[in-house]
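Okay, so here's the structure we're looking at.
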Ligand code: ADP
Ligand code: MG
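In the UniProt record's numbering, the protein residues as written are 7 to 255.
Structure, rendered in structure tokens:
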């Protein structure tokens, strides 16, 4: 709804790699609790856009605002601490560690060094509690002791989500969480994401149209680095430009 508050906003956000403009003056608005999907063909600039949102790449121009604050030039770890958590398109887990250990490592990254130094027992309890909660939210409570690398691909992707949750975000930025999944795994992940959408503001890059339409409230379509349309899913889906350029049929 128009009155809900803006969590994340980009203004003419731009990234050039030499002569290639991967993200070209893209302005979007992400509102609290309204899942926002970014779609577009391969090479459209979606991952680059996500990397700009989360400080993993420096912008060439434009701005990123988080709750009205300009975060454009902040490094990734600072942005993570502000509450924007992200997953990667490629899996990013420690395969020889257990699920719990992976979640604890992620939870620790959000702790301040003074907390670790002055209140070590409290810090440890905090990290453990956060890791437990993240495993539960990601549907992995029963897998706590499993060595991550021995789990199925789908479970490893769930673990990635758990690790993002363990950092205590309020915005979740997920780059193709369904990539490479079979149908059953995808369905499980979509169910998981629907549950998370009730508690977190999701920003989702995704190829799977059924998933996008069932999950997202707002849709941004990118083509060749530029924004083609951005708005409520039904409006964007029905627009002629999107039909012509991307959805085809
Ligand atoms: P998408 O995620 O939509 O598939 P990307 O953001 O990965 O698209 O890529 C957008 C364009 O930017 C592509 O042409 C890609 O080759 C290029 N690109 C992405 N990352 C880099 C980089 N680090 N250096 C140079 N070019 C890049
Ligand atoms: Mg990508």
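For every residue, glycine included, the Cβ atom is placed at its ideal position computed from N, Cα and C.
Opposite residue i in the DSSP bridges: which residues?
| i | result |
| --- | --- |
| residue 213 | DSSP output for residue 213 lists no bridge partner at all. |
| residue 42 | 209, 224 |
| residue 238 | 224 |
| residue 90 | 177 |
Who are the near neighbours of residue i in its chain, counting only those whose CB is closer than 7 Å to its CB and skipping five residues on each side?
| i | result |
| --- | --- |
| residue 114 | 133 |
| residue 102 | 153, 155 |
| residue 166 | 93, 97, 98, 99 |
Just verifying my parser: in three-state terms, what is the DSSP assignment at residue i?
| i | result |
| --- | --- |
| residue 98 | coil |
| residue 180 | strand |
| residue 34 | strand |
| residue 28 | strand |
| residue 54 | helix |
| residue 128 | helix |
| residue 255 | Residue confidence is low: residue 255 scores 49 on pLDDT, short of 50, so the model does not pin down where it sits. No coordinate-derived value is stated. |
| residue 72 | strand |
| residue 23 | strand |
| residue 12 | strand |
Short of 8 Å in beta carbon distance, which residues of its chain neighbour residue i, apart from the five on each side in sequence? Order them along the chain.
| i | result |
| --- | --- |
| residue 255 | Because the pLDDT at residue 255 is just 49, under 50, the model does not fix this residue reliably, and the value given afterwards should be weighed accordingly. Cβ within range, chain order: n/a, list empty. |
| residue 81 | 61 |
Starting from the C-beta of residue i, find all residues in its chain whose C-beta is less than 6 Å away, skip the five residues before and the five after it, and write them out in chain order.
| i | result |
| --- | --- |
| residue 27 | 231 |
| residue 33 | 16, 17, 18 |
Considering only C-alpha positions, which residue in the set the options is nearest to residue i?
| i | options | result |
| --- | --- | --- |
| residue 49 | 227, 238, 84, 248 | 227 |
| residue 213 | 235, 180, 190, 245 | 180 |
Touching or not, the region 157-171 and the region 129-149, by the rule of three or more beta carbon pairs under 8 Å? yes
For the 8 Å Cβ check, are there 3 or more pairs between the region 211-225 and the region 37-51? yes
Examine the Cβ distances between the region 199-218 and the region 20-40 and report whether three or more of them are shorter than 8 Å. yes
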